[in-house]
Amino acid sequence: MSSVTVRVPAKVNVQLSVGPLREDGYHDLVNVFHAVSIFDEVMAKESESITVAVNGKWSDQVPIDDSNLAIRAARALAKHAGRTYGADLIIQKSIPVAGGMAGGSADAAGALVACNELWGLGLPFEDLMEIAGDLGSDVPFSLLGGTAVGTGRGEQLSELPTGGTFHWVFALANGGLSTASVYAECDRLREVSAAHVPWPQLDDSLMEALGTGDAYSLGAHLSNDLQEAALNLRPELAPTLDSGRQHGALGAIVSGSGPTCAFLAIDALHARDLAQSLTATGAAHTAVAAHGPVQGATLI
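Residues 0 to 299 (numbering that gives the first Met the number 0) are what the sequence shown spells out, left to right.
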């Protein structure tokens, strides 16, 4: 086999509850992931070394050196297998970079699945999930897909039943936001306010909405503890969220650490109309309709 291609989805966090800052610098999370139909494709081709090239809209924002998460994933897989392998990784980007939609994590998951196949390792899914957890908190979910709750740093996953298809619109912002910067701002705001930070808990009403496929209820229970910090760093996101609500979104939220804004629509037609309204009014320069849940990293 000379090449393998894997399709891997973006995610939106329908609940992101952030616990107090721990001594190790991390936070305990309750993080409800939902995979949506915006995809990157990762091709792995035979090579003597591990390299990466990136094509697509966001390609100029993706590092192609050793800091690239897909390269790190391929190297971690080779190390796990105890062999020296090579692969040229070619990433076709559609997921925003530093947009709160796990684009880098998606590419890492795609590299794991593609190289496992290219190199004929035959490692089980559980092994790939273990490697993914060492790479970053979002990488395991990019492998799994669907809808799942992540605890710990977000990497300990339990699948959640979803009773239907949900329709979304994503307003893509110019420029990204550093996840570390958003968490730091969240900690700063909490310190300034001296507010008690509770232990994160899964929202039972949100769980029920997902299970029954009730978009209206899901929209009412979307939550993100990082949203205030993201809006503090990027105040221009607030009018975008307001515009989505004014055009009938059932819920409006910053996705993860942002700056992508996510809007829950009634159905596919409403999602299309909402995306057009956001761009026509200038509330977003680009708005993309998508649906979820979808599968995680998949060979194509």
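Where a beta carbon is used, it is the ideal one built from N, C-alpha and C, also for glycine.
Check	Outcome
Check whether Leu159 and Met100 have beta carbons under 9 angstroms apart	no
Coil, strand or helix - Met42 by DSSP	strand
Contacting residues, own chain, Cβ-Cβ under 7 angstroms from Met128 (five flanking each side not counted)	Pro139, Leu142
CA-to-CA distance, Val196 to Ile37, given in whole angstroms	34 angstroms
Gln269 (DSSP reduced to helix, strand or coil)	Looking at the sequence itself, residue 269 is His, so the reference to Gln does not match. Helix at His269.
First and last residue of the uninterrupted alpha helix (DSSP H) at Glu158	Looking at the DSSP string, Glu158 is not in any alpha helix (DSSP H); the run it does join, the beta strand (DSSP E), is 155-158.
9 angstroms Cβ cutoff met for Leu188 and Asn231	yes
Environment of Lys92 [buried if 16+ CB atoms lie within 10 Å]	buried
Element boundaries [alpha helix (DSSP H), containing Ala208]	203-211
Reduced DSSP secondary structure (H/G/I, E/B, other) of Ile63	coil
Of the listed residues Gly109, Arg244, Ala214, nearest to Ala9 (C-alpha basis)	Gly109
Beta carbon of Leu171 nearer than 9 angstroms to that of Thr280	no
Nearest-angstrom Cα separation, counted from Arg233 out to Leu301	The chain is shown only over 0 to 299; residue 301 falls outside these bounds and no answer can be derived.
Meets three-Cβ-pair contact criterion under 8 angstroms: the stretch 10-20 and the stretch 245-255	yes
Bridge partners - Trp167, DSSP secondary structure assignment	Leu263, Ala289
Touching by the beta-carbon criterion (3+ pairs, under 8 angstroms), the stretch 56-72 and the stretch 81-98	yes
For Ala34 and Ile130, the rounded distance between their alpha carbons	20 angstroms
Three-state class that DSSP yields for Asp27 in the structure shown	strand
Validate contact between the stretch 110-127 and the stretch 63-75 using beta carbons, cut 8 angstroms, 3 pairs	yes
Of the residues Ser46, Leu68, Glu40, the one placed nearest Gly55, counting alpha carbons only	Glu40
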